[in-house]
Amino acid sequence: MITIAYNNLEGLRNTAKSVLSQTYRDFEWIIVDGASNDGTQDYLLEIRQQWRGEPEYLQIISEPGAGIYNAMNKGIRLAQGEYCLFLNSGDYLYDENVLNKVYPPLV
């Protein structure tokens, strides 16, 4: 899962709540932030503390970028999994069982 964020703290909170509540845990989450200055930096530290998956499955990058598509490409390059799901800042999964429902048909 790849999340792109830039100065959208409230949106990122909604996205993180959705991702962190998933009952399925065997997934990678890459957050690419464009060096936000709205409190996102501090919240990214909170996300790291709340992460319950394997530590290596969470990557957080915060650096000035060259726009959303550049950030998306960074996320893709960092991804280790077979599939990529973009769930950008402000997006959310319908409920806590979405990954449980979509993963079995993919394998």
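Take the sequence shown: its position 1, counting from 1, is numbered 471 in our numbering, and each next residue is one higher. All C-beta atoms in this analysis are idealised placements derived from N, C-alpha and C, irrespective of residue type, glycine included.
With a cutoff of 9 angstroms on beta-carbon distance, residue 559 and residue 473 are scored as near each other.
In the DSSP assignment, residue 475 forms a beta bridge with 503. Between residue 530 and residue 547, the alpha-carbon positions lie close to 13 angstroms from each other. Note on geometry: alpha-carbon atoms of residue 512 and residue 506 lie some 10 angstroms from one another. By the CB criterion at 9 angstroms, residue 567 and residue 485 fall outside the cutoff.
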